[in-house]
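Scroll down for the structure; my scribbles are underneath it.
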Amino acid sequence: MLNRELLRYRLNQGAVVPGLVKDTPALRSLAEDLLGHWQKSIGERLEDIEESAIPLLHRSRTMLIARGFHKLVGDACTFADPTSAETLRSQALAASAERFVAKALAKTAEEHRAAVAAQLGSDAAALLEGLYADLPGATRLASAPAWTPDELFSHYNLALCQGLLLSARELEVTLHAAAKASSREKASTSEHAPTRDGQKSSVSPLKSDTGGRRRILSACRFHRLLCEVRATTDGLHLTIGGPDAVLDQASRYGLNLAQFLPRLAAEPAWTMKARLRLRSRTGVTLHGVLELNDRTGLPGSPQALGYVPPELRDLSDQLAERCPDWRFVEPELRALHSGELVVPDLAISVSDQAGKQQVVSVELFHRWHGRALARRLDQIAAGRLPGLAIGVERGLAKLAEIAPLLELPTFSAAGFLFSDIPTQRALSDAIRRVAEKTAD
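Sequential numbering of the sequence shown, starting at 13, is according to my numbering.
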């Protein structure tokens, strides 16, 4: 993504308008030249590639765009593993020390370097390069992205919006219902189509969900975002806390939020309003609202919505080995009377002694989810969420305001602790407790 120094935007009556790029002859020429520059530089050192790109960047009328293009292409490149120079440095220092001890002093530094190189069976130029081969600038380009200029434009616009979200206080996201999505594609289709008797019918956002919304809500959980979900007549409404609202590890949280944007952009119909607190290049704090939607044209990553971390796949295998009658199933959204939706991370189908199948959902709470944890435990205690197990990350459990919650009978009956990923032992024990209580 783009860092603060490369962000292009303007404020218009409280609205943050990002400087999205459009296809122009000048920008297309710049994109082609930069992409070609990196693609033909495979095998060269990074510092040499950066230096030779300077004339291309200065040729652009908009230096911010040129630098942004250059950064994104460079970030997408892969580099060879740096060669270890530790052994060579030790040998060179030892050889140099020997010459000083023997009083074999050269008249100039160049002569001394050549003499040390000869003693090591090399030449001065190769020695000088080898001594610093493990520095970042000396790493060599292994591959460059085979993007077209249009793809670079799309990546730039996405990275620009991601960079702006790093200053977000809060995001309001709506995943529009199927009828709304259809109306965006065909203007003649209304959101509530008349039935045969002339009455208008609405589609429940839960019943109309075919898995896409469940996956994007799971992506919220995967990125550990502070998210409250509610069902509305228009679809699903998400209130997501921004990095500027997080006291602990805000930078890491901001990266998680930025990585969520391409997942959201893969949805067919969505809108987002983000309240930003920006700091200008002169140090002035600016407040504004950034509005994006599916018609902004940001590139999405639909393949990432179905991504399952290897750790969870391993956990599934371990659980199946310990409890062969259990199996992972697609988690279902849990609706409360208040309109809030609970988005479980996992769901396991278990068999009781009579062979009857029962699904136990599992919701995991990480470092930033303390406020939601207290609310969820209250809901379980009130009997509004039967069959739900609660996992609490140990980093969250250590907080002074959270520790008392873990002493509650509700957590003892339905909760467990974990580090990063739940262990099969802790998970299976909690599932058994919840399943037995639900069966009673």
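In this text, a Cβ means the ideal position worked out from N, Cα and C, and glycines have one as well.
query	result
Neighbour flag for Leu-76 against chain B, beta carbons, 8 Å	The chain inventory of the structure shown lacks chain B, comprising one protein chain alone.
CB contact flag (Tyr-265, Pro-274, <8 Å)	no
DSSP-derived helix/strand/coil call for Cys-239	strand
Residue from Arg-152, Val-241, His-381 and Leu-238 whose Cα sits closest to the Cα of Glu-59	Arg-152
Cys-239 burial status per 10 Å Cβ neighbour count (16 or more: buried)	buried
Rounded distance between the beta-carbons of Val-372 and Val-362, thought under 8 Å	6 Å
Supposed close pair Arg-233, Glu-342 - CB separation, criterion 8 Å	Rounded, the Cβ-Cβ distance is 14 Å, inconsistent with contact.
From Gln-271, Pro-280 and Asn-24, residue whose alpha carbon lies closest to that of His-235	Gln-271
Cβ-based neighbour list, Leu-19, same chain, cut-off 7 Å, excluding 5 preceding and 5 following	Leu-172, Gly-175 and Leu-176
Local Cβ density within 10 Å of Thr-283, reported as buried at 16 or more and exposed below that	buried
Rounded C-alpha distance that separates Glu-110 from Phe-91	36 Å
Contacting residues, own chain, Cβ-Cβ under 6 Å from Leu-290 (five flanking each side not counted)	Ser-179 and Leu-298
Beta-carbon proximity of Leu-462 to Leu-420, cut-off 8 Å	Outside the shown range of the chain, which is 13 to 452, sits residue 462, and nothing can be said about it.
Simplified DSSP assignment, three categories, for Gln-6	This structure cannot speak to residue 6, because the chain is shown only from 13 to 452.
Exposed unless 16 or more other CB atoms sit within 10 angstroms - verdict on Ile-66	exposed
According to DSSP, residues forming a beta bridge with Met-284	Val-185 and Leu-304
N-terminal and C-terminal residue of the beta strand (DSSP E) that Ala-158 is part of	Ala-158 -> no beta strand (DSSP E), and no H or E assigned at all.
6 Å Cβ shell around Ala-262 - same chain, five flanking residues per side excluded	Pro-255
Range of the contiguous beta strand (DSSP E) that encloses Ser-424	Element bounds for Ser-424: not the beta strand (DSSP E) but the alpha helix (DSSP H), 421 to 426.
Arg-293 Cβ short of 7 Å to the ligand FMN heavy atom set	Among the components modelled here there is no ligand, and therefore nothing to report on the ligand FMN.
Opening and closing residue of the alpha helix (DSSP H) in which Arg-293 lies	No alpha helix (DSSP H) contains Arg-293, which DSSP labels as neither H nor E.
Stretch-stretch touch, CB-based, cutoff 8 Å, three pairs: the segment 45 to 52 with the segment 146 to 166	yes
Straight-line Cα distance separating Leu-32 from Gly-149	31 Å
Counted within 10 angstroms of its Cβ, other Cβ atoms place Val-113 as buried (16 or more) or exposed	exposed
Rounded straight-line distance, which links the Cα of Leu-439 to that of Leu-267	28 Å
Neighbourhood of His-188 by C-beta, 7 Å cutoff - its chain only, sequence neighbours within 5 removed	Asp-246, Gly-247, Ala-281 and Trp-282
Ranges of the alpha helix (DSSP H) found wholly within the segment 43 to 112, counting only runs of at least 4	58 to 70 and 75 to 88
Beta-bridge partners of Gln-370, as assigned by DSSP	Val-362
Other residues of its chain near Arg-208: CB distance less than 7 Å, five sequence neighbours each side excluded	Low local confidence applies: a pLDDT of 34 at Arg-208 is under 50, so the model's placement there is unreliable, with the coordinate-based value given in what follows. Closer than 7 Å at Cβ, skipping near neighbours: no residue.
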